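Trainee:
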Ligand code: SF4
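In our numbering, the protein residues as written are 8 to 291.
Given below as structure tokens:
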């Protein structure tokens, strides 16, 4: 039976993108190919918040659960889902254990209108080989909608691509790729983060959209450049702009201007409902 290293598994409201407001099960896998230490930092500087928390965890007082980990206001707000120093907090779980847990956390004990969000970290790293076993579990039979929240850099393996195409072609099923392509403000390199040919392939098996996290005019200019590259490659999906998250003060400063920038370009605006609703806490 396949196993997946699970950073978090919780039930909440989807706060972003196409399924904003939909009750959702979030399966957060461990591991990411990026660090995104540039978020919220002056141009060219990298956040040390995650590294500092990791030093506390490994050398002073180990955290025993996610809920106790400090939230960060710079860098990746999901740092514990990929930073190697926190891997002890993410157990390897069998498909059976994951689906049992899902049935426990859905309030009525069965899939109704809930949607499954497979997120990370980067959920399309090595775990692609394990998802068919998970989704074939009888307890997942009534699941109709899945979103992969990805950074858009991982090609689908031929086996997983054909599995997803079949899953999505089943009547009533809907597969979505919410692609948060990383702009230079993340601290990642353009040529490693903006990969239109990878994202265009997602559109062959489901609906894909791009969601850019922006905080400055430069970010919006970078998003325009990226969209041009994606469109040139044949990408057809919607474009969303979303304000930087993390702490409420940063979020509030950005939201209106981001919405106006999206309107001006005929793009969509995505809120981050988990910030005003739940203060961006773990498990939300
Ligand atoms: S791609 Fe996502 S999970 Fe990975 S480091 Fe960047 S923000 Fe964090």
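Every residue gets a Cβ at the ideal spot worked out from N, C-alpha and C, and that includes glycine.
As the structure is a computational prediction, the values presented were derived from the model and not from experiment.
Below 6 Å CB to CB, which residues in the same chain sit around residue 82 once its five sequence neighbours on both sides are set aside?
Mentor: Closer than 6 Å at the Cβ level, and outside the excluded window around residue 82, lie 44, 46, 54, 56 and 57.
Trainee: Alpha carbon to alpha carbon, what distance is there between residue 88 and residue 130?
Mentor: Whole-angstrom Cα-Cα distance: 10 Å.
Trainee: Does the beta carbon of residue 120 sit closer than 8 Å to a beta carbon anywhere in chain B?
Mentor: The chain inventory of the structure shown lacks chain B, comprising one protein chain alone.
Trainee: Excluding five sequence neighbours on each side, which residues of the same chain lie with their C-beta closer than 6 Å to the C-beta of residue 257?
Mentor: Note that residue 257 scores 49 on pLDDT, short of 50, meaning its location in the model is unreliable; the coordinates nonetheless yield the value given after this. So the qualifying residues of the chain are 251.
Trainee: Compare the beta carbon distance of residue 206 and residue 192 with 8 Å and say whether it is the shorter of the two.
Mentor: no
Trainee: Is residue 25 near residue 176, with beta carbons less than 8 Å apart?
Mentor: no
Trainee: Using C-beta distances below 6 Å, list every residue in its chain close to residue 259, excluding the 5 sequence neighbours before and after it, in chain order.
Mentor: Its pLDDT being 49, under 50, residue 259 is placed unreliably in this model, and the coordinates cannot settle the point.
Trainee: Output the boundary residues of the alpha helix (DSSP H) element that contains residue 10.
Mentor: Unbroken run through residue 10 is the beta strand (DSSP E), 10-20; no alpha helix (DSSP H).
Trainee: Given residue 227, which residues of its chain have a CB within under 6 Å of its CB, disregarding the five upstream and five downstream residues?
Mentor: Cβ neighbours of residue 227 beyond the five flanking positions: 221 and 268.
Trainee: Would you mind reading off the limits of the beta strand (DSSP E) that contains residue 23?
Mentor: Element bounds for residue 23: n/a, residue is neither H nor E.
Trainee: Just to check, is the beta-carbon of residue 207 closer than 7 Å to a non-hydrogen atom of the ligand SF4?
Mentor: no
Trainee: Compare the Cα-Cα distances from residue 201 to each of 140, 218, 223 and 17 and report the closest residue.
Mentor: 218
Trainee: So residue 100 is in the alpha helix (DSSP H); what residue range does that whole segment cover?
Mentor: Counting along the chain, residue 100 falls outside any alpha helix (DSSP H), though it belongs to the beta strand (DSSP E) covering 99-101.
Trainee: Which residues bound the beta strand (DSSP E) around residue 148?
Mentor: Run containing residue 148: none; DSSP gives neither H nor E here.
Trainee: Is residue 84 closer than 8 Å to residue 64 when the C-beta atoms are compared?
Mentor: The answer is no: Cβ separation not under 8 Å.
Trainee: Would you say the beta carbon of residue 152 comes nearer than 7 Å to a heavy atom of the ligand SF4?
Mentor: no
Trainee: Checking 8 Å against the spacing of the C-beta atoms, do residue 188 and residue 158 come in under that value?
Mentor: Contact: yes.
Trainee: Just to confirm, is the Cβ distance from residue 311 to residue 210 under 8 Å?
Mentor: Residue 311 lies beyond the range of the chain shown here (8 to 291); nothing can be said about it.
Trainee: Take residue 237 as the anchor and find which of 114, 106, 160 and 116 has the nearest alpha-carbon.
Mentor: 160
Trainee: By alpha-carbon positions, which one of 199, 240, 90 and 264 ends up nearest to residue 225?
Mentor: 264
Trainee: Could you pull out every residue in the same chain whose Cβ sits closer than 7 Å to the Cβ of residue 170, ignoring the five residues on either side in sequence?
Mentor: 139
Trainee: Opposite residue 122 in the DSSP bridges: which residues?
Mentor: 31
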